[in-house]
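All residue numbers for the sequence shown refer to my numbering, where the first residue is 22 and numbers rise by one. Only one structure is covered here, and it is reproduced in the block below.
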Amino acid sequence: MPSLFPGRNVLVTGGASGIGQATANIFRGEGANVWTASLEALDDPQHIALDLSAPGSAAQLLDQTGPLDVAILNAGIAQPAGLFETTPENWRRTQEVNVSATFFLLQELARRMLFRPDAAIVLTASTNSFDGEENLIAYNASKAALLGLVHTAANELGPYRIRVNAVCPGFIRTPLTESNFQNETFMRRYFGNLPLGRAGRPEEVAEAIVFLASPRASYITGVTLFVDGGQMATKFGTWGQPDDRFEGTHWTRNPDSRPTPPQS
């Protein structure tokens with residue numbers, strides 16, 4: 022099967038680990054020339070270490086990558102704190118990194134991608150763009166703001182043949198969430214509310230990102246794609262039936278269990 026991105030130039034921010042790293046790897050496997058960027062330095066000539074929230078960083082980054090066909094705006098931070106505990110610095114830094122840096126990079130990308138064939142930009146938003154998970158008010162607000170960027174940019178950039186979409190990951194096992202996997206009580210409760218009964222893998226989000234950026238999604242723009250194990254489709258949780266059991270990191274149902282058919 023032919024590669025999806027042969028010789029195409031791709032940028033992935035937040036590309037040093039987790040979802041960003043998995044995304045970069047899939048693009049490479051599909052024939053792309055991939056640049057990554059993050060705060061961390063890597064031993065990779067096509068990785069750029071910089072603070073994307075610094076003034077002028079968007080132009081600085083794109084001057085180094087050269088013309089791009091696809092950009093994945095994945096960099097972001099989360100600093101847990103409740104409504105009353107969120108400090109001005111926490112609020113400012115979260116919005117600066119997650120919203121302002123994303124906007125200015127999106128703006129600079131748009132200027133440089135006008136009328137490029139199959140140009141695509143994908144943002145990493147979150148299920149928290151839609152709900153109000155406690156102790157993450159600054160993060161939730163920042164991820165909700167990204168949806169405004171996606172919808173408006175898709176509207177304004179469509180005439181220039183630039184597609185703009187977003188993925189909304191749920192609970193994904195990454196270095197940022199790894200500590201939760203030492204707490205079986207947390208996992209049992211949290212995953213009990215997910216129809217698929219487990220955390221997602223970075224590669225599962227990355228596959229959705231690559232799809233939205235690919236020619237296979239050529240008539241898709243302005244959408245948000247949930248990659249959340251069904252989390253946003255539920256209301257009162259899924260698991261807890263007599264035939265259900267929690268197996269350390271995920272819920273399972275006895276394969277011999279079958280719904281009772283209605284009586285005719």
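Glycine residues also receive a C-beta, built at the ideal position from the N, C-alpha and C atoms. If you're wondering where the values come from, they're calculated on a predicted model, not measured in any experiment.
Spanning the alpha carbons of residue 92 and residue 50 requires a straight line of approximately 16 angstroms. In this structure, residue 58 lies near residue 82, with their beta-carbon atoms less than 8 angstroms apart.
Remark: C-beta atoms of residue 245 and residue 179 do not approach each other more closely than 8 angstroms. DSSP links residue 142 through a beta bridge to 92, 185.
As for any alpha helix (DSSP H) of minimum length 4 sitting wholly inside the stretch 94-168, the runs are 109-116, 122-134, ordered along the chain. By the Cβ criterion, the stretch 179-189 is not in contact with the stretch 107-123, since fewer than three pairs of Cβ atoms, one from each stretch, lie closer than 8 angstroms. The C-beta distance from residue 102 to residue 156 rounds to 6 angstroms, short enough to fall under 8 angstroms.
Taking a cut-off of 8 angstroms on C-beta distances, the stretch 153-167 does not touch the stretch 194-212, as fewer than three cross pairs fall below it.
By the neighbour-count criterion, in which a residue is buried when 16 or more other Cβ atoms sit within 10 angstroms of its Cβ, residue 229 is buried. Nearest neighbour of residue 113 by Cα position, chosen from 71, 105, 247, 160, turns out to be 160. In this structure, DSSP gives residue 243 a state outside helix and strand, which the three-state scheme calls coil.
Looking only at 67, 71, 28, the smallest Cα-Cα distance to residue 56 is reached by 67. Secondary structure note for residue 207: it is in no beta strand (DSSP E), and the uninterrupted alpha helix (DSSP H) holding it is 205-212. When C-beta atoms of the stretch 62-76 are compared with those of the stretch 246-264, fewer than three pairs fall below 8 angstroms, so the two segments do not count as touching.
With the rule of 3 Cβ pairs closer than 8 angstroms, the stretch 131-143 does not count as touching the stretch 204-223.
Shown here, residue 235 sits in coil according to DSSP, grouped into three states, outside any helix or strand. DSSP places residue 197 in the coil class of the three-state scheme, outside both helix and strand. In the displayed model, residue 70 falls within a strand according to three-state DSSP. Comparing alpha-carbon positions, the option among 148, 29, 34, 44 lying closest to residue 253 turns out to be 148. Apart from sequence neighbours up to five positions away, the residues of its chain that approach residue 60 with a beta-carbon distance below 7 angstroms are 70, 72, ordered along the chain. Here DSSP, grouped into helix, strand and coil, assigns residue 30 to strand. Per the C-alpha coordinates, the member of 185, 43, 166, 108 positioned closest to residue 139 is 185. Taking the Cα of residue 272 as reference, the smallest distance to any Cα among 237, 217, 30 is reached at 217. Remark: C-beta atoms of residue 251 and residue 215 approach each other more closely than 8 angstroms.
Around residue 249, the same chain offers 148, 191 as residues with beta carbons nearer than 6 angstroms, after the five sequence neighbours per side are excluded. For residue 85, the closest alpha carbon among the candidates 116, 41, 43, 130 is that of 130. The beta carbons of residue 231 and residue 188 sit about 10 angstroms from each other, so the pair does not count as a contact at 8 angstroms.
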